[in-house]
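Working notes for the structure below.
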Amino acid sequence: MFNKMELRQEEKIVDVYRENSRAELTRCITAVNRLLERVCLLKELWPEVTVLENIIQQSQKLFSFSVSVPQMQLSAFLERLLG
66 MFNKMELRQE EKIVDVYREN SRAELTRCIT AVNRLLERVC LLKELWPEVT VLENIIQQSQ
126 KLFSFSVSVP QMQLSAFLER LLG
């Protein structure tokens with residue numbers, strides 16, 4: 066069955082242990098940017114909440130990753146950020 070499956074031009078099978086999907090990476094960065102914006106607003110209201118500062122620091126750490134970071138490494142980081 067799988068050998069008959071055709072992939073569209075923009076789709077390809079990704080080895081998540083060695084590479085990432087650029088589309089998924091873009092979605093991830095967009096989502097974390099929105100999270101970061103909201104957390105920064107909350108931090109202005111409640112500066113004493115240290116968890117908000119931790120989320121900000123971890124979110125910014127994500128932006129320092131190489132664009133070639135493997136999908137699984139990115140997923141593990143997101144689990145720690147959101148967990």
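Reminder that position 53 of the sequence shown reads as 118 in the numbering used here, one-by-one numbering, no gaps.
Positions of the beta carbon are idealized from the N, C-alpha and C atoms, including for glycine.
Query	Result
Cβ-Cβ separation, L146 to S124 (assumed contact under 8 Å), whole Å	7 Å
Residue of E113, I120, Q136, L107 minimising C-alpha distance to D80	Q136
S140, DSSP secondary structure in three states	helix
Contact check, K108 vs E118, beta carbons under 8 Å	yes
V114, buried or exposed, once every other Cβ within 10 Å from all chains shown has been counted against 16	exposed
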